[in-house]
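Chemist: Sending over a structure as structure tokens; questions will come in a sec.
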Amino acid sequence: MDYSGDANRWGLIAKSFLICAANMGYDTAMENPEGVTGDWVYHTMQPPRAQISAFMINFTACGILFGFGVYQEHYETMVLREGSPFTRASSATIDLIGTLSASLMTITAPFVMAWVKYFKPRNVIWAGGILFGVASVLASFGKVLWHFQLAQGLLLGIATGLSFVPSMTIAPTWFDKRRGLAMGFISAGTGIGGLVWAPTISACISNIGFRNTLRLTACLATTIICISGSFLDWEPSMANHLAAKNEALSPVTALFKIPLPDWQTAKQPKFILQAASTIFQSAAYYTPVFFTVLYAKSLGYDEREGANLTALSNACNAVGKIAVGFISDRLGRLNSFFLTTLLTAIISLGLWVPSTLVGTVDEPTARNLFISFTVLYGLFASAFISLFPVALIELFGVKEIPRMGGVFYMLQGLATLVGTPVAGVLVPGHGVLRDANSYTPVAVLVGASMAVAAVSVAGVRAEAMRVPGHGLWKWKWKL
Numbered sequence: 097m098d099y100s101g102d103a104n105r106w107g108l109i110a111k112s113f114l115i116c117a118a119n120m121g122y123d124t125a126m127e128n129p130e131g132v133t134g135d136w137v138y139h140t141m142q143p144p145r146a147q148i149s150a151f152m153i154n155f156t157a158c159g160i161l162f163g164f165g166v167y168q169e170h171y172e173t174m175v176l177r178e179g180s181p182f183t184r185a186s187s188a189t190i191d192l193i194g195t196l197s198a199s200l201m202t203i204t205a206p207f208v209m210a211w212v213k214y215f216k217p218r219n220v221i222w223a224g225g226i227l228f229g230v231a232s233v234l235a236s237f238g239k240v241l242w243h244f245q246l247a248q249g250l251l252l253g254i255a256t257g258l259s260f261v262p263s264m265t266i267a268p269t270w271f272d273k274r275r276g277l278a279m280g281f282i283s284a285g286t287g288i289g290g291l292v293w294a295p296t297i298s299a300c301i302s303n304i305g306f307r308n309t310l311r312l313t314a315c316l317a318t319t320i321i322c323i324s325g326s327f328l329d330w331e332p333s334m335a336n337h338l339a340a341k342n343e344a345l346s347p348v349t350a351l352f353k354i355p356l357p358d359w360q361t362a363k364q365p366k367f368i369l370q371a372a373s374t375i376f377q378s379a380a381y382y383t384p385v386f387f388t389v390l391y392a393k394s395l396g397y398d399e400r401e402g403a404n405l406t407a408l409s410n411a412c413n414a415v416g417k418i419a420v421g422f423i424s425d426r427l428g429r430l431n432s433f434f435l436t437t438l439l440t441a442i443i444s445l446g447l448w449v450p451s452t453l454v455g456t457v458d459e460p461t462a463r464n465l466f467i468s469f470t471v472l473y474g475l476f477a478s479a480f481i482s483l484f485p486v487a488l489i490e491l492f493g494v495k496e497i498p499r500m501g502g503v504f505y506m507l508q509g510l511a512t513l514v515g516t517p518v519a520g521v522l523v524p525g526h527g528v529l530r531d532a533n534s535y536t537p538v539a540v541l542v543g544a545s546m547a548v549a550a551v552s553v554a555g556v557r558a559e560a561m562r563v564p565g566h567g568l569w570k571w572k573w574k575l
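Residue numbers for the sequence shown follow our numbering, beginning at 97 and rising by one.
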């Protein structure tokens, strides 16, 4: 049926869809933001626009970054080849490429938060998109290992941070009741991106080589990130709040005025405990992501099958973020944060560690254990990414997200910068010819770090029940 001549009908259909979307999934932080007189379409359309924009940024920037495990496996096949950029390189030095990118993605957060507070967020994201392409192209011309560490590691990490940090701190200001679900959807972009990009990168490396693969992803990533960033902006009342604070700042001052919490806040137990949980969880979180392909190879899987396991992990990652986000809005965001962290520790110690121990004597059992670990780790560990900004808002308030987001995301990056290389050092030898037992120390490290993080999150939840000004606790079920 042709509706091309019936503009009114299409208008009614569109309006009905938007009303349903607003009622079912999209809720702004305030129904009528103070001092804002926008029209109905803007206030109805902007939350889903911000959500989709942030999702696509995560899908592209983080999806490609976390597909580094495929590159790492390929780079390690070149370790024993004379004349390659990776000749005689250790696992730790190759892993440093991915570690630098993953850690700098969030270490840059205080600066990124300063810039998105003063300049338009889209300008910061555009800079990130362009730098992402430049870094990937530079890496494609690398001749020695440090070229890749600099371009595919350091520069790509900074580029990702310029787009990822705004997507995770600006988008939640548009939501309140369904903030957990909204952030679950947004952060699922990372998992879905990995699901798409990991096998795509693997196929491209096999067919056109890793250098042309880097150039191809550079073009695609720059385009998608820049287009997506055009639609992300602060929620109006938050924008007014920031504008009032920025009146006395010049552009030069704004570049270097880092938003930091005051000393009174930083010495609170909930701040210290949240910092501890962030450090231990971040130190462990990315290690299984980067070592999936290599550990799979120790169990007899080939490169393609290892990439498929990475894709499986990313698929579970996406499902877990959305499901946990949905549940957290009902069960409580801090409750969900604690339960998923505890389950992640149990899964790591109960599945991955046994898999490494029996891998050399009972390969089928080790494979089954590792597949189970891959699925469950993807489902539950993923909540660390989606619930992290939500937990900060629950603890410190939405108006504090520029200050708290910058500091805690920086702690994430610093912990990643330490944790993942330590894991790489724990894996002995060069090249990819290792047995499953070689990965036992890594699996134990991940499980132990997650266990400490779970204890810290439990402390955070307890502190959230403290009555302000009295020092007493009052039990609250939904937190």
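Glycine included, every Cβ here is placed at the ideal spot set by N, Cα and C.
1) Cutting at 7 Å between CB atoms, please list the residues of its own chain near V212, excluding the five before and the five after it.
2) Have a look at T124 and L241 and give me their C-alpha separation to the nearest angstrom.
3) What do you reckon, are the CB atoms on V551 and T383 nearer than 8 Å?
4) Decide if R576 is buried, meaning its Cβ has at least 16 other Cβ atoms within 10 Å, or exposed.
5) Give a yes or no on contact between the stretch 407-417 and the stretch 189-207, applying the rule of three or more CB pairs nearer than 8 Å.
6) Return the chain-ordered list of same chain residues with a C-beta closer than 7 Å to the C-beta of Q245, the five sequence neighbours on each side being excluded.
7) Can you check the stretch 295-338 for any alpha helix (DSSP H) of at least 4 residues that lies completely inside it and give the ranges in chain order?
8) Answer with buried or exposed for G253, where buried requires no fewer than 16 other C-beta atoms within 10 angstroms of its C-beta.
9) Mapping the DSSP letters down to three states, classify Q364 as helix, strand or coil.
10) With DSSP collapsed to three states, give me the class of V240.
11) Once you ignore the five residues that flank K572 on each side, which residues in its own chain have a CB closer than 7 Å to its CB?
12) Taking a contact to mean a Cβ-Cβ separation below 8 Å, would you say A350 touches A223 in this structure?
13) Here's the rule: buried if 16 or more other CB atoms are within 10 angstroms of the residue's CB, otherwise exposed. What is Q377?
14) To the nearest angstrom, how far is the alpha carbon of P181 from that of Y167?
15) Taking only runs that begin and end inside the stretch 488-541, name each unbroken alpha helix (DSSP H) of 4 or more residues, in chain order.
16) Rounded to a whole number of angstroms, what is the C-alpha to C-alpha distance between V553 and E399?
17) If we count the other Cβ atoms within 10 Å of its Cβ and call it buried at 16 or more, is V348 buried or exposed?
18) Between the stretch 301-314 and the stretch 226-240, can you find at least three pairs of beta-carbon atoms closer than 8 Å?
19) Around the C-beta of C315, are 16 or more other C-beta atoms found within 10 angstroms, so that it is buried, or is it exposed?
20) With DSSP as the reference, label Y397 as helix, strand or coil.
21) What number of angstroms, rounded off, separates the C-alpha of V208 from the C-alpha of Q508?
22) Find the nearest neighbour of Y604 within the set T536, I153 and E559, judged by alpha-carbon distance.
23) Going by DSSP in three states, A125 sits in which element: helix, strand or coil?
24) Can you tell me which of the three DSSP states A210 falls into?
25) Just the Cα atoms here: how many angstroms apart are E178 and F281?
26) Give every residue of the same chain whose Cβ lies closer than 6 Å to the Cβ of W248, excluding the five residues on either side of it in the sequence, and list them in chain order.
27) Hey, could you find the ends of the alpha helix (DSSP H) V261 is sitting in?
28) Under the three-state reduction of DSSP, which class applies to A350: helix, strand or coil?
29) From the DSSP output, in three-state form, read off S149 for me.
30) For G428, which of helix, strand or coil comes out of DSSP?
31) Between V542 and the rest of its own chain, which residues show a CB-CB distance below 8 Å, the 5 nearest in sequence each way excluded?
32) In its own chain, which residues sit with a C-beta less than 7 Å from the C-beta of W293, not counting the 5 before and 5 after it?
33) Under a three-way DSSP split, which group does M201 fall into?
34) May I have the straight-line CA-CA distance separating G555 from P295, to the nearest angstrom?
35) For R499, collect the residues of the same chain with a Cβ closer than 7 Å to its Cβ; drop the 5 residues on either side in sequence, then sort them by chain order.
36) Can you tell me which of the three DSSP states E169 falls into?
Modeler: The structure says:
1) V220, P262 and I266
2) Here T124 scores only 46 on pLDDT, less than 50, and its place in the model should not be relied on; the value that follows carries that caveat. T124 and L241: Cα-Cα distance of roughly 47 Å.
3) no
4) Any property of residue 576 remains undetermined from this structure, which presents the chain solely from 97 to 575.
5) no
6) L192, I193 and L196
7) none
8) buried
9) coil
10) coil
11) M561
12) no
13) buried
14) 13 Å
15) 497-522
16) 37 Å
17) exposed
18) yes
19) exposed
20) coil
21) 14 Å
22) No information on residue 604 is available, as it lies outside the stretch 97 to 575 that the chain covers here.
23) Residue confidence for A125 is low, a pLDDT of 45 falling below 50, so the modelled location carries little weight and cannot support an answer.
24) helix
25) 45 Å
26) Rather than Trp, the amino acid found at residue 248 in this sequence is Gln. Excluding positions up to five away in sequence, the list reads I193 and A235.
27) L252 to T265
28) helix
29) helix
30) coil
31) A380, T383, P384, S444, W448 and A519
32) G159, I160 and G163
33) helix
34) 40 Å
35) P355, L356 and P357
36) helix
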